[in-house]
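Heads up, the thing below is written out as structure tokens.
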């Protein structure tokens, strides 16, 4: 008599194979989600900086964009430089974003769209979108002194990305790493 279905041995073999393969699939899926979140954060930050520059030119006033709670990873707020009103706020907590010294907390655009420090000198810098568990920058939002902003997606070890990591979660960074 012909039977349909699986024998107990076939079922156990299938479960054993699934138990071996599923952890790999889960890890890959988690890495994919983190990659998408980093890309999304970089694109949103690029768009936010461009919007702030555009507002400065349109209003013919200085406009400030700064990280919420001085942390770009929490999101950012676009406001008139005299802080009379917030024009736009973007909240995000998807990726770690760390800026080098000139853009660590804020970027100010002049009325002509140029990036300026509070003392009037030109401002330029790089915001790194970092991996959650390693000292690696996956995307760099680069601000030129002219105020133009561009996005590079180069995966590289970055000493700034090592800040804020728990001990033992990332590899050591050589002292000559790129900033």
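In full-length UniProt numbering, the protein residues as written are 1 to 179.
The beta-carbon is built from N, C-alpha and C at its ideal position, and this holds for glycine as well.
Just so we're clear, the structure is a prediction, and the values are computed from it rather than from any experiment.
Would you identify the three-state DSSP class for residue i, choosing helix, strand or coil?
| i | result |
| --- | --- |
| residue 64 | strand |
| residue 112 | coil |
| residue 154 | coil |
| residue 40 | helix |
| residue 14 | helix |
| residue 137 | strand |
| residue 175 | Caution is warranted here: a pLDDT of 38 is assigned to residue 175, below 50, making its placement in the model unreliable, and the coordinate value is therefore given only provisionally. Coil, per DSSP. |
| residue 92 | coil |
| residue 120 | coil |
| residue 26 | helix |
Considering only the beta carbon of each residue, do residue i and residue j sit closer than 8 Å?
| i | j | result |
| --- | --- | --- |
| residue 152 | residue 136 | no |
| residue 74 | residue 91 | yes |
| residue 108 | residue 101 | no |
| residue 28 | residue 60 | no |
| residue 147 | residue 114 | yes |
| residue 45 | residue 127 | yes |
| residue 149 | residue 138 | no |
Go to residue i, then tell me how far its alpha helix (DSSP H) extends in each direction, as first and last residue.
| i | result |
| --- | --- |
| residue 4 | Here residue 4 belongs to no alpha helix (DSSP H), and DSSP marks it neither H nor E. |
Could you pull the start and end residues of the beta strand (DSSP E) that residue i belongs to?
| i | result |
| --- | --- |
| residue 165 | Segment: none, residue 165 is in no beta strand (DSSP E) and carries neither H nor E. |
Nearest CA to the CA of residue i: which residue from the options?
| i | options | result |
| --- | --- | --- |
| residue 31 | 159, 133, 122, 142 | 133 |
| residue 88 | 21, 104, 52, 94 | 52 |
| residue 43 | 104, 26, 97 | 97 |
| residue 37 | 154, 131, 165 | 131 |
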